[in-house]
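K.L.:
Residues in the sequence shown are numbered consecutively from 1, following the working numbering. Sharing a structure below in structure tokens format, with a few things to ask.
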Amino acid sequence: MTQLRYQTIHCPWTHDPNLDPDSFWISDPKIDRRGFIFFKSLRGSKVQAFFSHATGEPLVRKMLVREAYRSVTPEELRISTAPGVLRRLPGPMGEGDKQEIFFNELVMWRWWEDDTYSIWYKFYNGGNLTDLADQYYQHNRAVPEHFIWWVAYRLALVIRYFNFGARPHSNREHAHWDLIAHRDIAPENIFLHYHDKLGKDAMRNARKYGNPSHAFPEIIVGDFGESNLASDDREIVKGGIFANPDVKSWEDMCYLYWVGNNLRRLAQASFYYFDGAEDYPDEMTVDDINDNLPPDETPYSDDLINLLKRFEYPGMLNRPMPEGEFKDADGNNIDIDDAHPNARWVADVMLPLARRKVRRYRGEVSRVPAGYFTDIDVSWTRPPKIMPYEYTPKELQRQNNQDNDDNQNNQGDGNNENEQDEESSEGEEDEEGDEEGDEEGEEEDDEGEDDEEGEVDDEGDDDEEGEEDQEDDEDDEDDEGEEVEEGEEGEEDDDDDDEFSVISDAPHVCPPTDKEKNRRQLAELNEWNNKWPAPSVMVATFGMFPRIIDQRITPPDLPYPPPPDGGDSDYDDESDDAGYASDSASDDTVSEFEDDSSGNDDPEKDPDYVPPRG
1 MTQLRYQTIH CPWTHDPNLD PDSFWISDPK IDRRGFIFFK SLRGSKVQAF FSHATGEPLV
61 RKMLVREAYR SVTPEELRIS TAPGVLRRLP GPMGEGDKQE IFFNELVMWR WWEDDTYSIW
121 YKFYNGGNLT DLADQYYQHN RAVPEHFIWW VAYRLALVIR YFNFGARPHS NREHAHWDLI
181 AHRDIAPENI FLHYHDKLGK DAMRNARKYG NPSHAFPEII VGDFGESNLA SDDREIVKGG
241 IFANPDVKSW EDMCYLYWVG NNLRRLAQAS FYYFDGAEDY PDEMTVDDIN DNLPPDETPY
301 SDDLINLLKR FEYPGMLNRP MPEGEFKDAD GNNIDIDDAH PNARWVADVM LPLARRKVRR
361 YRGEVSRVPA GYFTDIDVSW TRPPKIMPYE YTPKELQRQN NQDNDDNQNN QGDGNNENEQ
421 DEESSEGEED EEGDEEGDEE GEEEDDEGED DEEGEVDDEG DDDEEGEEDQ EDDEDDEDDE
481 GEEVEEGEEG EEDDDDDDEF SVISDAPHVC PPTDKEKNRR QLAELNEWNN KWPAPSVMVA
541 TFGMFPRIID QRITPPDLPY PPPPDGGDSD YDDESDDAGY ASDSASDDTV SEFEDDSSGN
601 DDPEKDPDYV PPRG
């Protein structure tokens, strides 16, 4: 691992052990044990990103003043993954590269007597649906069909939970469930996360087939700032998307940010700029999508087109989404609740269909060919790393170095000669990719000097530096105090730090310190000095770890590979698909599908049963 030194901002924010337990919660005491390393402002001083100084984990902090929420506690806390809240959302399921994340995970919160709240979330590395769709537009490429089915499946699980209380991978609905209305399922609030750190077995498979998470990232619903429960009093209900004081389930299904709208946006991403027209994607009917795809793109299947058509409304091209009642083409009055798929239809028709499609695309029906997940990779759309280096505490550095050694030692442990040869050649390509990545990293550093890159260089730990070089540690302490309190002397130290101390023979170059940016960032952070001790500038160590598997930065070549053979009854007239595809499918249809507790379907009870891969 290459280590470099850089000037950054340290926020010595730790919790007081004597705090009233009702005014503070943290999922892991290590998170704030040594404060935080600032690396990016997302929305000024109210929303910012940090590294935990002790664990190296990236986090997002929101500051909410009393005027920002109507209830006794903020909406984003009362409906969250934290314990002891009004409605606790399901947290991550599984571990490591097998972990499934459905809602943004809250890891810490703090309350002050003036009713200000500090809420901390996990930071997700894939951006959001807007970021992804915009990249496909910029590259004149269509979003691959497997990804649209994946988003449909994950959002259907969320809608079913919001409306009926059935947690993911369980069909147990609650008879007296209190509806959760998110009220802002916008593409900007649907986050993506890629599992880049793989276990040994997953790493071995990824070298041959590609990383499945890069084709099927976590789809995470976040930002519950507009959310309410159906039982909430009107005085604490926010307006939501429609400025409506009532909580209605169709709000998560309809208009600009409903589930179907997000899916249609993805299907139209190649020819409509994502932040374009006000009524996009309602400016084109779903039937016209395939005729407008870029050259060489595979048209979307009839099943997907039929699914998307269910989210159109009569007269869509001639008028904006109506509220209340509107007239159909025959002049009949139709209530808006009856004009769109309801939650029951999503749970009983859309969910099993999307789940069936996803199983086939993920190779749960039959084995995928070599390179399959690489050929349908969507991870190239993720926002650039804040910088190509990472802050990692020393104890984790040792573990990561050991893991890298283990992975390299296991490269040739395949069960046959072909697999060994393939993995060996891929390993050589990885080494070349690392060198290319290093050069790219240098370019990104130069470009990011005025934007995000310099902010993440803020990664590090002057205490850890002392273990390697006592003189450096003394310099760090000088910088930390003088940069904030003694402007001129601090600048003098800055000039010394611009030389940076490279603790490696590798030719990495660190971007120069941006002193003006540091001052602006300190001003934003100092806004909350009445809550926490003042932040200070420090000189820190950060490192670059070699890539084990190359990360794609451009779209895969066309055409996309077809899904593996068999399993989802696409063309069987007697299947659920055929019954679903008919426009006469009833919104009140109740499916009999049922999953057992092991997560595998019961073939006797589940009409969409797909046998596991043999």
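All C-beta atoms in this analysis are idealised placements derived from N, C-alpha and C, irrespective of residue type, glycine included.
Taking the runs of the alpha helix (DSSP H) that are 4 residues or longer, which of them lie wholly in the segment 201-234?
P.N.:
Counting only runs of 4 or more, we get 212-215.
K.L.:
Please confirm whether Phe162 has its beta-carbon closer than 8 Å to some beta-carbon of chain B.
P.N.:
Of the protein chains in the structure, only one exists, and it is not chain B.
K.L.:
Do the CB positions of Ser366 and Asp565 come within less than 8 Å of each other?
P.N.:
It is a contact, given that the beta carbons lie within the stated cut-off.
K.L.:
By the 10 Å Cβ neighbour count, where 16 or more other Cβ atoms means buried, how is Glu467 classified, buried or exposed?
P.N.:
Its pLDDT being 39, under 50, Glu467 is placed unreliably by the model, and the measurement read from it follows with that caveat. Exposed.
K.L.:
Here's a check: name, in chain order, each residue in its chain whose Cβ is nearer than 6 Å to the Cβ of Ile376, leaving out the five neighbours to either side.
P.N.:
Closer than 6 Å at Cβ, skipping near neighbours: Pro144, His146, Ala215 and Tyr560.
K.L.:
Taking Phe50 and Tyr124 to be in contact with their CB atoms under 8 Å, please state how far apart those CB atoms are, rounded to whole angstroms.
P.N.:
Not confirmed; about 14 Å, so no contact.
K.L.:
For the candidate residues Trp111, Val358, Arg362 and Leu525, whose alpha-carbon lies nearest to that of Asp16?
P.N.:
Nearest C-alpha to Asp16: Trp111.
K.L.:
Which runs of the beta strand (DSSP E) fall wholly inside the segment 48-127 and span at least 3 residues, in chain order?
P.N.:
For the segment 48-127, whole beta strand (DSSP E) runs of length 3 or above, ordered along the chain, are 58-64, 106-111 and 117-122.
K.L.:
Just to check my reading of the structure: Val107 and Tyr117 have Cβ atoms closer than 8 Å, yes? What is that Cβ distance to the nearest angstrom?
P.N.:
Their Cβ separation, rounded to whole angstroms, is 14 Å, which puts Val107 and Tyr117 out of contact at 8 Å.
K.L.:
Report yes if the CB atom of Asp184 is closer than 8 Å to the CB atom of Glu218, and no otherwise.
P.N.:
Taking 8 Å as the Cβ cut-off, Asp184 and Glu218 do not qualify as a contacting pair.
K.L.:
Assign Val65 to one of two classes, buried (16 or more other C-beta atoms within 10 Å of its C-beta) or exposed (fewer than that).
P.N.:
Exposed.
K.L.:
By alpha-carbon positions, which one of Ala133, Ala152, Lys200 and Gly222 ends up nearest to Glu105?
P.N.:
Per the Cα distances, Gly222.
K.L.:
Taking Cβ positions, are Pro533 and Gly56 nearer each other than 8 Å?
P.N.:
Cβ atoms of Pro533 and Gly56: not closer than 8 Å.
K.L.:
Less than 7 Å between C-beta atoms, sequence neighbours within five positions excluded: which residues of the same chain meet that for Ala371?
P.N.:
According to the sequence displayed, residue 371 carries Gly and not Ala. Answer for Gly371: Tyr209 and Gly210, listed in chain order.
K.L.:
Under 7 Å Cβ to Cβ from Val158, same chain only, skipping five residues before and after it: list those, please.
P.N.:
Taken in chain order, the residues that qualify are Phe102 and Val221.
K.L.:
Just to confirm, is the Cβ distance from Leu129 to Asn262 under 8 Å?
P.N.:
Against a cut-off of 8 Å, the Cβ pair of Asn262 and Leu129 comes out as a contact.
K.L.:
Taking C-beta to C-beta, are Asn228 and Ala181 nearer than 8 Å?
P.N.:
Contact flag set, yes.
K.L.:
Please report the distance separating the alpha-carbon of Ala82 from that of Asp288.
P.N.:
Each residue's alpha carbon lies about 44 Å from the other.
K.L.:
Can you have a look at Gly126 and say buried or exposed, based on whether 16 or more other CB atoms are within 10 angstroms of its CB?
P.N.:
Burial call: buried.
K.L.:
What is the DSSP secondary structure of His193, reduced to helix, strand or coil?
P.N.:
Note: His193 maps to strand in three-state DSSP.
K.L.:
Going by C-alpha to C-alpha distance, which of Asp32, Leu59 and Asp134 sits closest to Ser270?
P.N.:
Minimum Cα distance to Ser270 is reached at Asp134.
K.L.:
Check each candidate in Asp22, Asp557 and Arg43 and name the one with the smallest Cα separation from Glu85.
P.N.:
In the sequence on display, residue 85 carries Val and not Glu. Ranking Asp22, Asp557 and Arg43 by Cα distance to Val85 puts Asp22 first.
K.L.:
Quick check on DSSP: helix, strand or coil for His146?
P.N.:
Correct three-state label for His146: helix.
K.L.:
Return the CA-CA distance between Met63 and Ser45, expressed in angstroms with no decimal places.
P.N.:
Cα to Cα, Met63 sits roughly 8 Å from Ser45.
K.L.:
Taking the DSSP output, what are the residues bridged to Tyr6?
P.N.:
In DSSP, Tyr6 forms a bridge with Ala540.
K.L.:
What residues in its chain sit with their C-beta under 8 Å from that of Asn518, if we drop five residues either side in the sequence?
P.N.:
For Asn518, where only same-chain residues beyond five positions count, the Cβ hits under 8 Å are Gln7, Ile9, Glu483 and Val537.
K.L.:
Helix, strand or coil for Ile503? Go by DSSP, reduced to three states.
P.N.:
Unreliable positioning characterises Ile503 in this predicted model, as indicated by a pLDDT of 33, which lies under 50. A coordinate reading is not provided.
K.L.:
Any idea what DSSP makes of Arg43, helix, strand or coil?
P.N.:
Three-state result, Arg43: strand.
K.L.:
Helix, strand or coil: which one does DSSP assign to Asn333?
P.N.:
Asn333: strand per DSSP, three-state reduction.
K.L.:
Just the C-alpha distance for Val349 and Arg362, rounded to the nearest angstrom, thanks.
P.N.:
Their Cα atoms are separated by approximately 20 Å.
K.L.:
If you draw a straight line from the C-alpha of Arg141 to the C-alpha of Gln268, how long is it?
P.N.:
Approximately 10 Å, taken between the alpha carbons.
K.L.:
Nearest-angstrom Cα distance between Arg61 and Ile119?
P.N.:
Cα to Cα, Arg61 sits roughly 6 Å from Ile119.
K.L.:
With the cut-off set at 8 Å, would you say Pro556 and Thr374 are in Cβ contact?
P.N.:
Taking 8 Å as the Cβ cut-off, Pro556 and Thr374 qualify as a contacting pair.
K.L.:
Report the three-state DSSP secondary structure of Ile289 (helix, strand or coil).
P.N.:
DSSP places Ile289 in coil when its eight states are reduced to three.
K.L.:
Going by other Cβ atoms of all chains shown within 10 Å of its Cβ, with 16 needed for buried, is Phe311 buried or exposed?
P.N.:
It is buried - the Cβ of Phe311 has at least 16 other Cβ atoms within 10 Å.
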